[in-house]
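Residue numbers (this note's numbering): -4 to 416.
See below for the structure under consideration.
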Ligand code: DSN
């Protein structure tokens, strides 16, 4: 076969398959046609090494090393302006190419080899880039884990205070990958002042909720730095960002360029700018519907017999739901059988799991952001819960449920909360 044809067929196969799926991985999303237009534009062929030069009127201009950037400079300046407004940031750096790189930029800017960072352990929801097995280890940081309250699915504030006073980390990290409830920034700000630590909030999972005025307001609650990827609840192209207070601007900018990056991905910055504009217009409605959908899905799953975490707290305040499936076969078996029915989610460690259980953890994690984006509301969440029950509790063949999933999905392939119309 013509080698190009072989790849093209796989692209078509992927698009056909995933358009017939309920895509509920909590870290994914769909971009609008407007964002796709930006990503496939000429900007993706270009370089724009360099950083801010100064301001003309209220627009930032750039000192670049290459010619040909005058139009991109305007887009990047607009994206910075929009994002500073949307996230109440004093400065935005759009150079990182992923959330993990955004975290690495922050570590490189504000910590030194051998310093400590505090965050959540992976089973309690911490992201791998908060741990020494990943980017934190690259610059020799030592991690300490916050004590966690498994019932509340949150940081145990009193015990965390004791730990922080004793260990004095340089960077206190908040946020994570399993993230049901806002983290206690306000409650730990005083300790950060006392030990002279920087408070970094990894908002990768919840950036779209923050943009829509849901979940929490990191800067108002005391964060110094907000790092993020741009493609989870925030429906931009894959990329990374660091927002910070003015006093960290120079260190963050230098750590991003020339510290860790040469060129950033211009087309992604342009796509991010379009997604920012979409969130300024539709973000509130979108974020509200995501949280409503999560709660209804969680509540229905619970009523149908699933061990959904945190019933006493209304299950979730984010796009995520966590379910303990150890009674019904464990995480691996459940996600594989759901995939056979075209329901795509991931298995997930829960706080009481050891890292050795990564291959077959106790939990599953479900995200509602993408199904919300294609227009699904509370009644569809109830249908989805019923599909899940038929497979995981009633033992019905996934292939049978798949037919109903495909039929249901037929009416939902258009992206909402965007300018496409
Ligand atoms: N590991 C991804 C997740 O939370 O799903 C993010 O990088």
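Think of the CB as a built atom: it goes at the ideal place given N, C-alpha and C, for glycine as much as any other residue.
Counted within 10 angstroms of its Cβ, other Cβ atoms place residue i as buried (16 or more) or exposed
| i | result |
| --- | --- |
| residue 253 | exposed |
| residue 209 | buried |
| residue 390 | exposed |
| residue 412 | buried |
| residue 365 | buried |
| residue 37 | exposed |
| residue 414 | exposed |
| residue 360 | buried |
| residue 85 | exposed |
| residue 206 | buried |
| residue 383 | buried |
| residue 203 | buried |
| residue 114 | buried |
| residue 133 | exposed |
| residue 319 | buried |
| residue 374 | exposed |
| residue 108 | exposed |
| residue -2 | exposed |
| residue 273 | buried |
| residue 150 | buried |
| residue 427 | This structure cannot speak to residue 427, because the chain is shown only from -4 to 416. |
| residue 288 | buried |
| residue 58 | exposed |
Nearest-angstrom beta carbon gap, residue j and residue i [assumed within contact, 8 Å]
| i | j | result |
| --- | --- | --- |
| residue 24 | residue 228 | 7 Å |
| residue 264 | residue 146 | Not quite, the Cβ-Cβ distance comes to about 42 Å (not below 8 Å), so this is no contact. |
| residue 362 | residue 148 | Their Cβ separation, rounded to whole angstroms, is 16 Å, which puts residue 362 and residue 148 out of contact at 8 Å. |
| residue 163 | residue 190 | 5 Å |
| residue 304 | residue 317 | 4 Å |
| residue 346 | residue 326 | Rounded, the Cβ-Cβ distance is 14 Å, inconsistent with contact. |
| residue 27 | residue 410 | 5 Å |
| residue 78 | residue 296 | At roughly 35 Å, the Cβ-Cβ gap does not stay under 8 Å, so residue 78 and residue 296 are not in contact. |
| residue 379 | residue 323 | About 17 Å; that fails the 8 Å criterion. |
| residue 225 | residue 237 | No, residue 225 and residue 237 are not in contact; Cβ-Cβ is about 11 Å, not under 8 Å. |
| residue 139 | residue 111 | 6 Å |
| residue 43 | residue 255 | Not a contact, Cβ separation roughly 16 Å. |
| residue 302 | residue 393 | Going by Cβ atoms, the distance from residue 302 to residue 393 rounds to 20 Å, so no, they are not a contact pair. |
| residue 15 | residue 401 | 5 Å |
| residue 199 | residue 94 | 4 Å |
| residue 341 | residue 330 | 6 Å |
Closer than 5 Å from C-beta to any heavy atom of the ligand DSN: which residues, in chain order? 22, 172
Uninterrupted beta strand (DSSP E) stretches inside the region 318 to 394 (no shorter than 3 residues): Unbroken beta strand (DSSP E) stretches of 3 residues or longer found wholly inside the region 318 to 394: 341 to 343, 358 to 362, given in chain order.
To test your reading of the DSSP string, which unbroken beta strand (DSSP E) runs of 3 or more residues are found completely within the region 224 to 267? 235 to 239
In chain order, which beta strand (DSSP E) runs of at least 3 residues are fully inside the region 155 to 232? 166 to 169, 193 to 197, 220 to 224
Fully enclosed by the region 0 to 50, which alpha helix (DSSP H) runs are 4 residues long or longer? 28 to 34
Taking only runs that begin and end inside the region 71 to 129, name each unbroken beta strand (DSSP E) of 3 or more residues, in chain order. 86 to 88, 111 to 114
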